[in-house]
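**Student:**
2 protein chains.
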Amino acid sequence: MKDPLKKIRPEILKISAYLLKPHPYSIKLNQNENPFDAPDFIKEQLAMKVLQRPWGRYPDFYATGLCQKLATHTGWVPEGITVGNGSNELLQLALHLVLERGKKLLLVTPTFALYRIIGLSNAASILEVSFENFHEFPGRRLLETIERESPEALVFCSPNNPTGTSMDEGMLRQILELTDGLVVLDQAYHEFSEYHGIEAMKIHAHLVITRTFSKAMAAAGLRVGYLMAHPEVIRQVNKVKLPYNVNFVTLAAAEAMLDNFSSFVRPIQELVKERRRLYREMSEIDGIEVFPSQANFLLFRVRDAARVFGALQQKGILIRDVSSTPGLENCLRVTVGLSHENEQFLSVLKESVP
Amino acid sequence: MKDPLKKIRPEILKISAYLLKPHPYSIKLNQNENPFDAPDFIKEQLAMKVLQRPWGRYPDFYATGLCQKLATHTGWVPEGITVGNGSNELLQLALHLVLERGKKLLLVTPTFALYRIIGLSNAASILEVSFENFHEFPGRRLLETIERESPEALVFCSPNNPTGTSMDEGMLRQILELTDGLVVLDQAYHEFSEYHGIEAMKIHAHLVITRTFSKAMAAAGLRVGYLMAHPEVIRQVNKVKLPYNVNFVTLAAAEAMLDNFSSFVRPIQELVKERRRLYREMSEIDGIEVFPSQANFLLFRVRDAARVFGALQQKGILIRDVSSTPGLENCLRVTVGLSHENEQFLSVLKESVP
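Chains A and B are the protein sequences, given in the same order.
Residue numbers for the first sequence follow our numbering, so the first one is 788 and each next one is one higher.
Residue numbers for the second sequence follow our numbering, so the first one is 788 and each next one is one higher.
(1) On the premise that Pro-946/A lies in contact with Tyr-902/A, defined as a C-beta separation below 8 Å, what is that separation, rounded to the nearest angstrom?
(2) Assuming Pro-897/B contacts Thr-1122/B (C-beta within less than 8 Å), just tell me the rounded distance between them.
(3) Please list, in chain order, all residues of the same chain as Cys-1011/A whose beta carbon is under 6 Å from its beta carbon, the five residues on each side excluded.
(4) Could you name the residues of the same chain whose beta carbon sits closer than 8 Å to that of His-860/A, not counting the 5 residues immediately before and after it, in chain order?
(5) From Leu-892/B, His-883/B, Leu-994/B, Val-1109/B, pick the residue whose C-alpha is nearest to that of Leu-907/A; which is it?
(6) Determine which residues of the region 818 to 829 of chain A have a Cβ less than 7 Å from any Cβ of chain B, and write them out in chain order.
(7) For Leu-1155/A, which of Ser-1110/A, Leu-969/A, Cys-854/A has the nearest alpha-carbon?
(8) Determine which residues share a DSSP beta bridge with Ile-913/B and list them.
(9) Check whether the region 1123 to 1140 of chain B touches the region 835 to 847 of chain B, taking contact to mean three or more Cβ pairs, one atom from each stretch, closer than 8 Å.
(10) Would you call the CB atoms of Ile-1106/A and Leu-816/A closer than 8 Å?
(11) Note down, in chain order, all residues in the region 967 to 978 of chain B with a beta-carbon under 9 Å from any beta-carbon belonging to chain A.
(12) Name, please, each residue of chain A whose Cβ falls closer than 8 Å to the Cβ of Trp-842/B.
(13) What does the Cβ neighbour count give for Lys-801/B, buried or exposed, with the cut at 16 atoms within 10 Å?
(14) Measuring CA to CA, which of Ile-904/B, Thr-966/B, Thr-952/B, Phe-921/B is closest to Glu-931/B?
(15) Using Cβ-Cβ distances below 7 Å, what residues of the region 843 to 856 of chain A are close to chain B?
(16) So, do the region 987 to 997 of chain A and the region 814 to 831 of chain A have three or more beta carbon pairs nearer to each other than 8 Å?
(17) Gly-1012/A lies in the beta strand (DSSP E); which residues open and close that run?
(18) Using beta-carbon positions only, say whether Tyr-1031/B and Pro-865/B come within less than 8 Å of one another.
(19) Out of curiosity, what's the CA-to-CA distance linking Ala-1098/B and Phe-979/B?
(20) What's the C-alpha gap between Val-1135/A and Lys-1102/A?
(21) Spell out whether any CB of chain B is found under 8 Å from the CB atom of Ile-802/A.
(22) Among the candidates Ala-1082/A, Ala-858/A, Cys-1118/A, whose CA atom is the shortest distance from the CA of Gln-1056/A?
(23) For Pro-1141/A, which residues from the same chain have a beta carbon less than 6 Å from its beta carbon, with the 5 sequence-adjacent residues on both sides left out?
(24) Taking Cβ positions only, does Asn-872/A come closer than 8 Å to chain B?
(25) Is Phe-1035/B close to chain A, meaning its C-beta is less than 8 Å from at least one C-beta of that chain?
(26) Given this structure, state the Cα-to-Cα distance separating Gly-957/A from Val-1052/A, to the nearest angstrom.
(27) Tell whether a beta-carbon distance below 8 Å holds between Leu-1009/B and Thr-997/B.
(28) Looking only at its own chain, which residues have a Cβ that is under 8 Å from the Cβ of Gln-818/B, when we skip the five neighbours before and after it?
(29) From the DSSP output, in three-state form, read off Asp-1108/A for me.
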């Protein structure tokens, strides 16, 4: 039998698979999911679509309806928008346009692990600038590195997962003026923050913004995201995007959610309020350093992360242990949940830190 | 404003976008869709899932349930299966494992246009061996080319879209013995044919098979496909596959369809019967050469494709004009529809060929 891995590129073989260890839980605060569900009338609308629409026919080729609604929702042009199965799919495509062996991808770390995997799978060199603190992006070192290395692609997650750090508009503009690489701003969590980035895109055609329905819109189960960019960039992304990538159910759900965006506003406000409360209360606990966050999660440092994670897990509260990530020694990440979930989390947390 | 295309790889800029010209129709026979819908009880099951399942939670990380059912369905091992948004997504990932600038992708043409686009977007060189006739794959020239060029990846669509040609097992085994490239067998249409290919995969670990729910299972609207390979290859595909790529609705639909596969058997048989009838009747029309097909479509050549396409379109019957593809001069492709749709197609066809 021939070796099935013989022709597989060596950088792929070297990537370690992303594995998720399943843990039992009663309160799930480990994946930055939104604990509020879509309103029943939206679910009922979608159930009707599932019953009535013939399954055998391909979805819309252009997803025109959804792109139009996204344009109205965001204030960007419809021909500057494309949709995918989560923003990850679109991020992958945007980077694939630019990266290959010998090209450079710049990241500010620690950040969402997928950017690195996408870079590696395209055989790119990864340049990492690490955060100096989690209150702001490391401006000076970032600009120096861009000047010295001229990376072909740059990805910034803002608010950043898992640190919660937001990039401010001034810094984004300085970066855009300095680089001619493709700048991807991943705004998965932007609805929980204040900055939207659309104005910068009007001036800088090499800025690409990705967003998702998984967080603020509480639709992680449906996998839908969108990418906004200069229409010329969208044309290139659409060339490598697979035709009919998003199924009819997801398209219809996303349209229905946008039509009823007002239903999602209060849950978002509630989560922001709970994040502030959690931050305040955690700040007062001895032995915990909690970092400010513009997202629906909080990063915090304890003396013994394994012990705190274990104590929470024993009580059925599942959070994310990120302490093995370089720069995140003894750090844990907790998603903002429903009020009573956050309450229980706080109470077990207080008991578990000595 | 900076040029947003400056860093985009030149081979991407050169790809011409895949566009679909929308035509009005009353009978749609242009996309190899299955005209039978899923049974109502399956649709009702899925509608319940849409209502009851919280949308805000991510889908299964491993799609274990679906892979297990696919293993039972196909006779392959569950750890040798991975699922995606249509088989296209998985085909793209499998080729991405192997291809980059300087690597070769071998195709037998004319075939499904996407393979070439995937190859080009990975900066690979495309080697094309053209069909000598549409009754069989061009065995001798194919083997000679493989020996001379040692391509890193080979894709065969069998039954081939749009020619309907099947690769026989003997030829597939000869190819597998000769090459150590990754061989992808796209079996999107296999349920309408006789050959399943699982046995060859047991002996040849560098054979990868992709399949879809879009054709025989009448679920093109839901976008679900799967890839079968040696578990070591699956491990590599899963490294570059995005986590949570398939949403919960699609996963649940695919499981429900497999649980009730017997409901899909009669429609498949009906389509095969209709294909045979169409082939017979079209063979008897003067001025038409129809090619044998193992799929749910037929390729045929007329004296003036534009004229025949236009005449059908005028009567609201939409088929696919493939006559601009090299090797398919004056050829058209018709999907096998419902009996009365095929009847109308035949009757307009007869009038339109002189």
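Built from N, CA and C at the ideal position, the CB exists for glycine as well.
**Tutor:** According to the data block:
(1) The Cβ separation is near 15 Å, so there is no contact.
(2) Actually they do not touch by this definition, with Cβ atoms about 17 Å apart.
(3) Note that residue 1011/A corresponds to Val in the displayed sequence, not to Cys. The answer, listed in chain order, is Phe-1000, Thr-1037, Ala-1041.
(4) So the list reads Leu-1045, Phe-1048, once near-sequence residues are dropped.
(5) His-883/B
(6) Gln-818, Glu-820, Asn-821, Pro-822, Phe-823, Asp-824, Ala-825
(7) Past the boundaries of the shown model lies residue 1155/A; chain A is included only from 788 to 1141, so the question cannot be answered.
(8) Leu-892/B
(9) Under the three-pair Cβ rule at 8 Å, the region 1123 to 1140 of chain B does not count as touching the region 835 to 847 of chain B.
(10) yes
(11) For the region 967 to 978 of chain B, the set of residues with a beta-carbon nearer than 9 Å to any beta-carbon of chain A comprises Asp-967, Gly-968, Leu-969, in chain order.
(12) Asp-824, Ala-825, Lys-830, Ala-1005, Ala-1006, Ala-1007, Gly-1008, Leu-1009, Ala-1040
(13) exposed
(14) Thr-966/B
(15) Those would be Gly-843, Arg-844, Tyr-845, Pro-846, Phe-848, in chain order.
(16) Contact between the region 987 to 997 of chain A and the region 814 to 831 of chain A is absent, because fewer than three Cβ pairs lie under 8 Å.
(17) Its beta strand (DSSP E) spans residues 1012 to 1015.
(18) no
(19) 29 Å
(20) 8 Å
(21) yes
(22) Ala-1082/A
(23) none
(24) yes
(25) yes
(26) 27 Å
(27) no
(28) Ala-1007, Arg-1107, Thr-1122
(29) strand
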